[in-house]
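Structure first, commentary second.
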Amino acid sequence: MLCQKVQVPLMRIEGPLIIVQLLETTFLTLVNYASLMATNAARYRMAAGSMMLFEFGLRRAQGPDGGLSASKGALMAPATYWLGTHAHSYITSFNDINDLKNTKLVPKCGGNPRDVLELALTWRMNLLPIFHLSSSQASEGELAALISFAIAFPDGFMALVDTYEVQRSGLLNFCSVALALNDLGYHAVGIRIDSGDLAYLSNITRHYFTEISTKYNLPWFQNLMIMASNDINEETILSLNEQGHKINCFGIGTHLVTCQRQPALGCVYKMVELNGQPRIKLSQEVGKVTIPGCKDAYRLYSERGYALIDLLQRSVEPPPKISEKVLCRHPFEESKRAFVIPSRVEKLLTLYWDKGEICQELPDLQQIRERVQNSLKTLRPDIKRTLNPTPFKVAVSDRLYTYLHELWLKNAPIGELS
């Protein structure tokens, strides 16, 4: 199975002809989206830098299976998490504080339940001068909703604050409830902003968090999480970075799980050998010409630890050796060739299934995550950059180049002019 244009085999399947032909659709279905999703998640990780990423895509995915597959694929990118918040409809389902059925919460250290509503109202009055607001400007229904949510999840209080107005209502209500929880020994998680000028609102939010932290001697309060959502994509993240923001995590949904930059990965599944005899598919598009024969793939590394090139060889060839010069050739352009002296050689294809049985332990998700993370570190920055990245080089050995072109000439029809 080949990744179109790149031509590096992701999998090599050997077996009876009819069986491996029947497996084509199954393997492509399983590999295409998983590889695409993991790649997309890794791109978001690189764009976001050290900030946390939260996978928000279940509601936007192509069905429940697509949603679960997307979540698993997102796990492959380092530091992608899940977090439960609430919807705008949760806020709008409350009209005022009279809608609260329960206002009591047991302190974290135990003891008699205390009235969260009473504490929050007291704190809100104290905070009005900081926010330069009057009590009538903030939504009573929003306050009631946040109190209800805080009582249900006192250790996971992550509030959506833009249902009505962030500055005049959402932030004031959130801080009032967060400080009420603090009186009971609980620490809020933070806020989520789902609309508006995300850079500006994040700076305003961090300003208020810092001011409250200083005024009431609560160091943890200034570091509350500020999450941004609202159709976040790579360009949005890069733009926000340029604007200067105080966001420390992103909730990414639609653009992550639907891979809107590239909705499908063009992996192909082609026969390259039958009964020990090579097979080749020709095309007027050079990128669709398959490389025949049973092959092994190797990644060659530089002294600095960067991946230099992926090299395809016939399986009958000896593997490249460390510190020995290897001639690497472009599979279709005769003049493109270079000698590479690798400091490390990694074999890319590993046998996991043989004679009907799993022949070695399969890696778990954590091991796969670590592999992805380590693999990304070996790519040079110019290869990973968003704008005009340098293509990663893929080459064939000199013997495979000759083998390919001899077979190409043998199978290509000869024209006749008259």
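Heads up, the sequence shown is in numbering that gives the first Met the number 0, so the first residue is 0 and it goes up one at a time.
Glycine residues also receive a C-beta, built at the ideal position from the N, C-alpha and C atoms.
Distance between residue j and residue i (C-alpha atoms, nearest Å)
i, j, result
"residue 126", "residue 240", "30 Å"
"residue 166", "residue 101", "27 Å"
"residue 197", "residue 362", "39 Å"
"residue 156", "residue 84", "8 Å"
"residue 390", "residue 106", "57 Å"
"residue 52", "residue 148", "23 Å"
"residue 205", "residue 271", "59 Å"
"residue 7", "residue 417", "41 Å"
"residue 310", "residue 151", "56 Å"
"residue 327", "residue 333", "11 Å"
"residue 373", "residue 104", "45 Å"
"residue 158", "residue 21", "50 Å"
"residue 33", "residue 24", "14 Å"
"residue 392", "residue 288", "18 Å"
"residue 233", "residue 246", "15 Å"
"residue 183", "residue 177", "10 Å"
"residue 121", "residue 215", "14 Å"
"residue 235", "residue 19", "43 Å"
"residue 346", "residue 394", "14 Å"
"residue 249", "residue 50", "8 Å"
Pair within 9 Å by beta-carbon distance, residue i and residue j
i, j, result
"residue 185", "residue 153", "yes"
"residue 142", "residue 175", "yes"
"residue 179", "residue 267", "no"
"residue 46", "residue 257", "no"
"residue 261", "residue 35", "yes"
"residue 276", "residue 396", "no"
"residue 263", "residue 31", "yes"
"residue 368", "residue 9", "no"
"residue 348", "residue 359", "no"
"residue 161", "residue 195", "yes"
"residue 375", "residue 41", "yes"
Nearest candidate by alpha-carbon position, reference residue i, set the options
i, options, result
"residue 119", "111, 273, 170", "170"
"residue 86", "188, 121, 18, 192", "192"
"residue 202", "187, 227, 216", "227"
"residue 181", "108, 231, 41, 200", "108"
"residue 281", "236, 223, 403", "403"
"residue 129", "213, 295, 35, 248", "213"
"residue 164", "18, 347, 91", "91"
"residue 314", "264, 295, 69", "295"
"residue 221", "399, 190, 290, 123", "190"
"residue 329", "400, 259, 279", "400"
"residue 135", "95, 162, 112", "95"
"residue 98", "49, 412, 146", "146"
"residue 409", "388, 331, 279", "279"
Beta-carbon separation (whole angstroms), residue i vs residue j, contact threshold 8 Å
i, j, result
"residue 300", "residue 343", "4 Å"
"residue 56", "residue 253", "7 Å"
"residue 138", "residue 172", "7 Å"
"residue 251", "residue 231", "5 Å"
"residue 62", "residue 37", "Not quite, the Cβ-Cβ distance comes to about 19 Å (not below 8 Å), so this is no contact."
Proximity test, Cβ basis, 9 Å: residue i and chain D
i, result
"residue 385", "Protein chain content of the structure displayed is limited to a single chain, and chain D is not contained in it."
Three or more C-beta pairs under 8 Å: does that hold for the segment 367–382 against the segment 302–311?
Put simply, the segment 367–382 touches the segment 302–311. At least three CB pairs are less than 8 Å apart.
Give a yes or no on contact between the segment 333–341 and the segment 313–325, applying the rule of three or more CB pairs nearer than 8 Å.
yes
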